[in-house]
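The structure under discussion appears below in the form of structure tokens.
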Amino acid sequence: MGMLISNEPDFMIHGVLKYQMFGQDFWITTTTIGMWIVTVLILVIAVLANRTLKKATDVPGTFQNALEYAYTMLEKMGETILGGNTRRFINYIGTIFLFILFCNLSGLLGLRAPTADYGVTFLLGMFTFFIVNYQGIKNHGVGHFTSLFQPTPVLFPINLIGELANPLSISLRLFANLLSGVIIMGLWYGMLPIFVNIGIPAALHAYCDLFSGCIQTYVFCMLTMVYVNDKL
Amino acid sequence: MNGISGQDFIFGCSAIGAGLAMIAGIGPGVGQGIAAGHGASAVGRNPGAQSQITSTMLLGQAVAETTGLYGLVVAIILMFVKPFGA
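Respectively, the protein sequence lines represent chains A and B.
Residues 15 to 246 in this note's numbering are what the first sequence lists, from first letter to last.
Residues 1345 to 1430 in this note's numbering are what the second sequence lists, from first letter to last.
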């Protein structure tokens, strides 16, 4: 990076703390710390939500209203794809929805978004992959594997690549969108003189963090549901 | 060419390759524009279904964006991970 500009913009992942386990070097990176902060935030909101909903009133207050609206929205989103099976998957979909949404929006808190690290999004993609294949084996048995030879056995390699490319493509999509946002923000804050850093980045944050982050969260959950629905 | 080591030459070529990889951005731009145009005409024909049309359009656009993002990933790997030359 130093060769590009002297005033070094900061959008890389940094190691904070090194520790050793099983004879290997591991790093606590900015991604890890961002994920801790996001997790604590979600936990706090979850505890507050639990406390509110235990004393739910007929006429909802502000917080209860927001929670009910969020859940209704999530359930409606699931029902457009999964239909009657929404109840079985809404736990998982809701969990990754909240996690990805808060990770994407954590750029607003000045963190480096944890989802702009391929280690995080690849794991999310693998979760989707395992759920899809578990559902396929559970519901179709051997048919899950013989369906790769449909309609003709000649198409087996293409079908196989198509199956294996799914987790790769959804994880890369989320990663690259967030990474481009992080890079644009990092370049803007790092390269330009101080007077353009007042006010103007708000518009960039609105696009890169809010708009892009929300759309990508929606797309990730939507595609996960589409892949799962194919195997039901 | 005096004073340019092989390492510098490789980095320069990587930067050119990163720029070429971003030509991939043309495709999603055209595709998203077509999707947005058809979305606009669909809303013109059926204004009642605007919210559904918008969400379908955004989902399709986000999926169509993927190929451009692959180009971006290749460009970033060339620039920062530096796979060629130690």
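All C-beta atoms in this analysis are idealised placements derived from N, C-alpha and C, irrespective of residue type, glycine included.
- In the DSSP assignment, the residues bridged to A/W41 are A/K32.
- Residue burial is scored here from C-beta neighbours: A/D131 has at least 16 other C-beta atoms within 10 angstroms and is therefore classed as buried.
- Distance between A/R101 and A/N153, taken at the CA atoms: about 17 angstroms.
- The beta-carbon of B/V1418 is placed no less than 8 angstroms from the nearest beta-carbon of chain A.
- Under the 8 angstroms criterion on CB atoms, B/L1422 is classed as non-interfacial with respect to chain A.
- For the pair A/I145 and A/V242, the Cα-to-Cα distance works out to about 7 angstroms.
- Distance from A/H28 to A/T43 at the Cβ level is roughly 7 angstroms; contact confirmed, criterion being Cβ atoms closer than 8 angstroms.
- Here B/E1409 is buried: its Cβ has 16 or more other Cβ atoms, across all protein chains shown, within 10 Å.
- Of all residues in the segment 221 to 240 of chain A, those with a C-beta nearer than 8 angstroms to a C-beta of chain B are I229, Q230, Y232, V233, M236 and L237, reading in chain order.
- Look at the beta carbons and you see the segment 167 to 186 of chain A not touching the segment 1367 to 1377 of chain B: under three pairs across the two are nearer than 8 angstroms.
- Closest option to A/F25, judged by alpha-carbon separation, among A/G204, A/I110, A/Y221 and A/L188: A/G204.
- For the pair A/M239 and A/P181, the CB atoms are not nearer than the 8 angstroms cut-off.
- For B/E1409, there is no enclosing alpha helix (DSSP H), as DSSP marks it with neither H nor E.
- Residues I1354 and S1358 of the same chain have their beta carbon placed closer than 7 angstroms to that of B/F1428, with the five preceding and five following residues left out of the count.
- B/G1350 is not a Cβ neighbour of B/A1379, given a cutoff of 8 angstroms.
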